Amino acid sequence: MADLSGKVAIVTGGASGIGFAIVQRLLKEDVKVAVADLNNEKLKELEKANKGNLIGCVTNVTKESDIEQLVNKTVQTFGRLDYAFNVAGASRAGAIVEQSEEDWDFTVDLCLKGVFFSVKHEAKYMKEHGGGSIVNVASLNAHVPMFYGAAYSSAKAGVEMLTKNAALELAQHNIRVNAILPGLVATPLTSSLTNVEAINEAYMERIPMRRAGEADEMAGPALFLVSDDASYVNGASLIVDGAWAVSGYPDLSKFM
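According to my numbering, the sequence shown is numbered sequentially starting from 1.
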């Protein structure tokens, strides 16, 4: 991979899961990192373990003022911003005819509006300072619906289209915007599914590689997309799913 050393990155949702894996890979590549998350305790641990190379920023990505402060603090601390990885997300599941407005808003605001605010303010800085590269974490569910996941799937489809629209608008400012679309990844957020043997087996029947991905297997593609090795990749959606997309989504309705 092209050299990333000396660069500065923001990672939202960086205290766990895919975001945490991206943070660890960035640090190995000698990139200074601003980690945005709501887990203040974990952020303090990361700062202590990586003094001078990492700052933790307690951030609610659904609040625009928090994102503005995040970008400002990153630049004030490290002097620049080159890359951004917008990972923060979660879901409250529910059947369409039963899902509450509150749960719908929670999911869509976190997964889509949070990415919008992030791209908006990251790109605003990059536009004025020579460009940069942004990676948004969408999901295979941007393409494939799932039972009781209408809010999440809709939000992730929105992230994919937001990514394409941002690439269209920002290319003239030397800013590339791409997305990765993970399939099933072994993280704390998916453990409620993968820890149930019958549900896990239903997934494995559909995933040709017969296993969930690891968070670090998402980090590698994400770093590739911001690197100069991907200098002509813009507005792309990179599916990282162990060939799941070519098979289909399991019927989870029997488990609910």
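Ideal Cβ placement from N, Cα and C applies to all residues, glycine included. Since this is a predicted model, take the numbers as computed values, not measurements.
With a minimum length of 4 residues, the unbroken runs of alpha helix (DSSP H) contained wholly in the segment 9-58 fall at 17-28 and 40-49.
Look at N178 here: in three-state DSSP terms it is strand. Considered as a whole, the segment 157-224 harbours 175-182 as its complete beta strand (DSSP E) runs of no fewer than 3 residues, in chain order.
By the criterion of at least three beta-carbon pairs nearer than 8 angstroms, the segment 189-198 is not in contact with the segment 143-155. Burial state of S5 is exposed, judged by a 10 Å Cβ sphere holding fewer than 16 other Cβ atoms. Taking the C-beta atoms as reference points, G56 is found no nearer than 8 angstroms to L70. A residue is called buried once 16 or more other Cβ atoms fall within 10 Å of its Cβ, and L181 is buried on that count. A residue is called buried when at least 16 other Cβ atoms come within 10 angstroms of its Cβ; Y232 does not meet this threshold and is exposed.
The C-alpha of D37 is placed about 17 angstroms away from the C-alpha of L26. For A123 and G52, the gap between their C-alpha atoms comes out near 25 angstroms. Residue state for S237 is assigned as strand, using DSSP reduced to three classes. Exposure of D229 is indicated by the presence of fewer than 16 other C-beta atoms within 10 angstroms of its C-beta. In this structure, the beta-carbon distance from F85 to A222 falls below 8 angstroms.
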